[in-house]
Amino acid sequence: MNPLYIAGDSYSGLIIPTLALEIDRSIELGEKIFSGLKGYIAGNPLTGGQFDTDSQIPYFHAMGLVSDELYKNARENCGGKYSAPLNAVCAEAVQAINNCTRDINKQYILDPACPDDDLLSPKTVAETDGTSRLMLESADFLLGSKCAEALYILSYAWGNDDTVQESLGIRKGTIGAWKRYSHALPYNYDIQSVVDYHSRLATKGYRALIYRAATTMLLYPMLAHKHGLDTST
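Taking this note's numbering as reference, the numbering of the sequence shown is continuous, increasing by one, and the terminal residue is 343.
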């Protein structure tokens, strides 16, 4: 039986340990289809709950983005609970840090701050009289932009092209204007945190490799992983 490692990144940080534990349960029930499970790998994974949000301010401080004074004030008045301040002094301390970091590129802190993805998609996508026109407009935009995310604008030209949609078997008029992200899907968020999943898998002897880029703080800084794993072990 070949060794099996469940792997993924980003949002799948909630799914990977959950799936690994389900596979472990199937093994205990005598099912052999995934009996080679040895562990799991997670890159830049979401941990869930307050671990992700509350670790952002310590991350800002660790990366030198806020002063010792601001961080000390927040730490002493918030007790490490920054996502939902319980008193006015804590709320003011958190707001002061938010004011200092609001222009930080959360995807990659060494890059300049960029507009949201919705701002990168041209309003003319659904109205343009041809993909070539949009591509030419996009080219001018890209040449003048320092944002890596600006390249995403080309995906709107591609995804909304009639020829592309036809080749993909999309029936005309069924999806409207295509977007990179859709927040309209019905979805039940029933896993608030996977710290307990990590703990149970570690107790069972499964190996775990959890890694992340040190220059991104979007939703799930490394401090959340470290704190969660320290708590679970």
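Glycine included, every Cβ here is placed at the ideal spot set by N, Cα and C.
Small disclaimer: the values here were computed from a predicted structure and weren't measured.
Give me, in chain order, the residues of the same chain whose beta-carbon lies closer than 7 Å to that of residue i; leave out the 5 immediate sequence neighbours on both sides.
i: Ser303; result: Thr157, Gly158, Gly159 and Phe161
i: Leu114; result: Phe144, Gly146, Leu147 and Lys148
i: Asn112; result: Gly146
i: Val274; result: Trp268
i: His293; result: none
i: Pro195; result: Cys188, Ala201 and Val204
Between which residues of its own chain and residue i is the CB-CB distance below 6 Å, once the five residues before and five after are set aside?
i: Ile133; result: Phe144 and Leu147
i: Phe170; result: Val176 and Thr211
i: Trp288; result: Gly269 and Asn270
i: Asp119; result: Gly153 and Asn154
i: Ile137; result: Ser145
i: Tyr192; result: Asp164, Ile167 and Val204
i: Ile116; result: Ile126, Leu129, Ala130 and Tyr150
Only counting the same chain, and skipping five residues up and downstream in sequence, which positions put a Cβ closer than 8 Å to that of residue i?
i: Ala223; result: Asp213, Ile214 and Asn215
i: Lys314; result: Asp134
i: Asp272; result: Lys282
i: Asp178; result: His171
i: Tyr316; result: Ala130, Asp134, Leu147, Lys148, Gly149 and Tyr150
Going by DSSP in three states, residue i sits in which element: helix, strand or coil?
i: Ala194; result: coil
i: Gly269; result: helix
i: Val235; result: At Val235 the pLDDT is 42, less than 50, meaning the model places this residue with poor confidence and gives no usable figure here.
i: Ala117; result: strand
i: Tyr150; result: strand
i: Gly123; result: helix
On the premise that residue j lies in contact with residue i, defined as a C-beta separation below 8 Å, what is that separation, rounded to the nearest angstrom?
i: Cys188; j: Ala203; result: 6 Å
i: Asp164; j: Gly190; result: 6 Å
i: Ala260; j: Asp221; result: Ala260 to Asp221, Cβ: 11 Å. No contact.
i: Met173; j: Ile207; result: At roughly 12 Å, the Cβ-Cβ gap does not stay under 8 Å, so Met173 and Ile207 are not in contact.
With a cut-off of 8 Å, do at least 3 Cβ pairs link the segment 313–323 to the segment 141–153?
Between the segment 313–323 and the segment 141–153, the count of C-beta pairs closer than 8 Å reaches three or more; the two stretches touch.
Touching or not, the segment 304–312 and the segment 117–135, by the rule of three or more beta carbon pairs under 8 Å?
When Cβ pairs closer than 8 Å are counted between the two stretches, the segment 304–312 is seen to touch the segment 117–135, the count reaching three or more.
Counting only runs of 4+ residues fully inside the segment 282–324, write out the alpha helix (DSSP H) ranges in chain order.
The segment 282–324 contains these whole alpha helix (DSSP H) runs: 305–313.
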